[in-house]
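Only one structure is covered here, and it is reproduced in the block below.
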Ligand SMILES: [Zn+2]
């Protein structure tokens, strides 16, 4: 019986082997492969299983066996996008399920989850990796490490260097992909934490508060979120900023965000060069700064894109409550807006000095719609002075760099088959990354329209 069943299975497999395609050849698009090199016109990308099998041009191309042809003439192919700063779980709400199909529908095939509920976040990552759930690839910090008292209840707290090491060990045992530290980590804690993380070959990223960006860079931090620690490093008198970080999270954030307008460009340039020298990757999340600087703008709150956000989620966001908790006034918002050009200036200095920028958003925090917001971040990076090509690299190759994952963000034989087909040229206008026709993740071709139909 067992033998007969196997024989039948084998013959079915052989029969299928002659007919059923197990690969796709995308023929005729202009390929922007994520290397930063020139685009390849009239390209052929062959995807088999979950990997890219070959890349070439139409001239002389012969369709391999078991391969379905898809004509994508007149289109553009880019690597699947990477959002380098997201949150997929919430202390109260658990997994933000609604966010997952939105990432895919907007061409975001990988996300870097920089804090959540430790076990919930890592279980979600594993379920998506196994394919038992549909959504982007997830690389997760699990829960972040913060000084005591921690800003968030689900963070891991540490007040002494020995405890900071233990906190890293806990993340290692839980299976976190990297370490995220928060505002209350001071230089002494950071030193111990970096040393322990290095032992386990884990990257460390920081939303800095009590440690300035240059000190963190010299200590060996891998990346910095939200441009934090930059004003503290550039200011001649950072003591009021540190006092604010000690007072409370929102006091620290408000003082940090307001301080940019008073910083001089020579000091900012010096910080930029120091970060480049220490090979720190920046995840500036300009869309977070931009959005929070306009929370008093009725046009922002009435944005039609919010139709993409379930009502329950909009209630969780509760923007008026956040503004009240932060104590933000009209004057604060005006000051935040004055800071934006300085943040852009700093980013230009950093890029000109040879620095690496990865695109991240902080979705799904208030008003930051998963997936869509990454396209807004690219637009803001271009507005800050990056070339469209470099903005695109920020959401592809550089996202892979900050994760330390070679196979992502670069379309090359053997790499994962995560890519996006666009109907318009993103190098002509970065907003064309929104002209999404098809999204391929792990070799599976998805249509953004049918994903949207499932909402
Ligand atoms: Zn965040």
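Numbering (our numbering), first residue to last: 1346 to 1800. Think of the CB as a built atom: it goes at the ideal place given N, C-alpha and C, for glycine as much as any other residue.
If you drop the 5 nearest sequence neighbours on each side, which residues of the same chain put their C-beta closer than 8 Å to that of residue i?
{"i": "residue 1439", "result": "1462, 1465"}
{"i": "residue 1348", "result": "Confidence is the limiting factor: at residue 1348 the pLDDT is only 45, short of 50, which leaves the residue's position unreliable, though a coordinate-based value still follows. Closer than 8 Å at Cβ, skipping near neighbours: no residue."}
{"i": "residue 1702", "result": "1626, 1627, 1628, 1629, 1692, 1695, 1696, 1726, 1731, 1735, 1739, 1743"}
{"i": "residue 1351", "result": "Any answer about residue 1351 is weak, because its pLDDT of 46 lies below 50 and its placement is not dependable; what the coordinates show is given next. Answer for residue 1351: no residue qualifies."}
{"i": "residue 1541", "result": "1509, 1510, 1513, 1514"}
{"i": "residue 1346", "result": "Unreliable positioning characterises residue 1346 in this predicted model, as indicated by a pLDDT of 42, which lies under 50. A coordinate reading is not provided."}
{"i": "residue 1616", "result": "1558, 1559, 1575, 1578, 1579, 1691"}
Across which residues does DSSP place residue i in a beta bridge pair?
{"i": "residue 1484", "result": "1457"}
{"i": "residue 1375", "result": "1421"}
{"i": "residue 1627", "result": "1569, 1702"}
{"i": "residue 1852", "result": "Any property of residue 1852 remains undetermined from this structure, which presents the chain solely from 1346 to 1800."}
{"i": "residue 1426", "result": "1453"}
{"i": "residue 1563", "result": "DSSP, once it has assigned bridges, lists no residue as partnering residue 1563."}
{"i": "residue 1525", "result": "1550"}
Would residue i and residue j qualify as a contact pair, given that the criterion is a beta-carbon distance under 8 Å?
{"i": "residue 1397", "j": "residue 1760", "result": "yes"}
{"i": "residue 1513", "j": "residue 1566", "result": "no"}
{"i": "residue 1864", "j": "residue 1748", "result": "This structure leaves residue 1864 out entirely; the chain is present only between 1346 and 1800."}
{"i": "residue 1534", "j": "residue 1564", "result": "no"}
{"i": "residue 1427", "j": "residue 1490", "result": "no"}
{"i": "residue 1400", "j": "residue 1758", "result": "yes"}
{"i": "residue 1447", "j": "residue 1715", "result": "yes"}
{"i": "residue 1780", "j": "residue 1687", "result": "no"}
{"i": "residue 1366", "j": "residue 1411", "result": "yes"}
{"i": "residue 1608", "j": "residue 1379", "result": "no"}
{"i": "residue 1550", "j": "residue 1633", "result": "no"}
Measuring CA to CA, which of the options is closest to residue i?
{"i": "residue 1792", "options": "1766, 1469, 1364", "result": "1766"}
{"i": "residue 1382", "options": "1742, 1799, 1784", "result": "1742"}
{"i": "residue 1545", "options": "1523, 1553, 1437", "result": "1523"}
{"i": "residue 1457", "options": "1551, 1447, 1429, 1473", "result": "1429"}
{"i": "residue 1368", "options": "1408, 1401, 1378", "result": "1408"}
{"i": "residue 1556", "options": "1568, 1543, 1574, 1539", "result": "1574"}
{"i": "residue 1452", "options": "1649, 1764, 1682, 1476", "result": "1764"}
{"i": "residue 1517", "options": "1543, 1592, 1585", "result": "1543"}
{"i": "residue 1683", "options": "1639, 1723, 1585, 1587", "result": "1639"}
Which residues in the same chain as residue i place their Cβ atom closer than 7 Å to its Cβ, once the five residues preceding and following it in sequence are excluded?
{"i": "residue 1356", "result": "For residue 1356, the predicted model reports a pLDDT of 48, less than 50, meaning its position is unreliable and no value from the coordinates is stated."}
{"i": "residue 1420", "result": "1374, 1766, 1767, 1768, 1782"}
{"i": "residue 1449", "result": "1480, 1481, 1784, 1786, 1791, 1796"}
{"i": "residue 1594", "result": "1496, 1528"}
In its own chain, which residues sit with a C-beta less than 6 Å from the C-beta of residue i, not counting the 5 before and 5 after it?
{"i": "residue 1333", "result": "Because residue 1333 is not part of the residues shown, which for the chain are 1346 to 1800, the question remains open."}
{"i": "residue 1889", "result": "The requested residue 1889 is not part of the displayed model; the chain covers only 1346 to 1800."}
{"i": "residue 1376", "result": "1385, 1388, 1422"}
{"i": "residue 1418", "result": "1373"}
{"i": "residue 1354", "result": "The pLDDT assigned to residue 1354 is 47, lower than 50, so where the model puts this residue is not dependable; a value taken from the coordinates is nonetheless given after this. Contacts found: none."}
{"i": "residue 1718", "result": "1632, 1706, 1708"}
8 Å is my cut-off, CB to CB: does residue i come that close to chain B?
{"i": "residue 1421", "result": "Annotation note: the requested chain B is absent from the structure, which comprises a single protein chain."}
Query raised in the report: Which residues count as close to ligand 1 when the rule is a CB under 6 Å from any of its heavy atoms, in chain order?
Result: 1430, 1432, 1459, 1707
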